[in-house]
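In my numbering, the protein residues as written are 270 to 378. Positions of the beta carbon are idealized from the N, C-alpha and C atoms, including for glycine. Only a predicted model underlies this, so the values are computations on that prediction, with no experimental measurement involved. Since the structure comes first, as structure tokens, the remarks are kept for the end.
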């Protein structure tokens, strides 16, 4: 069985706050664990390109997407009590949304 792993350097640019579990160190720990796994040959890495606006609008209202993109590109800040967004959060989110999609070009026969 193959396991797809989507990652990109943009993911490390989403800094959600020092106490939030989404952190570049956590991502690195996961990637290190994958590299050290005996089944590493079953892992198929790919770099998500980014979800299209049409795909994003299938699950989020356009006004929310516009507001969040502007918020991040303006420097970000606190989203809720324990989550921050930074300038890099928008690009990371768009790539992450693409990494969760079914990727027909990577399907096994």
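Asked, Found
"Does any residue of chain B bring its CB to less than 8 angstroms from the CB of residue 270?", "Note that chain B does not occur in the displayed structure, where there is just one protein chain."
"Return the CA-CA distance between residue 340 and residue 368, expressed in angstroms with no decimal places.", "23 angstroms"
"So, with DSSP's three-state summary, where would you put residue 273?", "strand"
"What are the boundary residues of the beta strand (DSSP E) that includes residue 353?", "352 to 354"
"Measure from the alpha carbon of residue 354 to the alpha carbon of each residue in 302, 273 and 287, then state which is nearest.", "287"
"What is the C-beta distance between residue 289 and residue 364, in whole angstroms, given that I count them as a contact (C-beta under 8 angstroms)?", "No, residue 289 and residue 364 are not in contact; Cβ-Cβ is about 18 angstroms, not under 8 angstroms."
"Around the C-beta of residue 362, are 16 or more other C-beta atoms found within 10 angstroms, so that it is buried, or is it exposed?", "buried"
"What ranges does the alpha helix (DSSP H) occupy inside the stretch 277 to 322, keeping only unbroken runs of at least 4 residues that lie completely in it?", "293 to 305"
"Taking buried to mean at least 16 other C-beta atoms within 10 Å of its own C-beta, is residue 329 buried or exposed?", "exposed"
"Counting C-beta neighbours from all protein chains within 10 Å, is the total for residue 308 16 or more, i.e. buried, or is it exposed?", "exposed"
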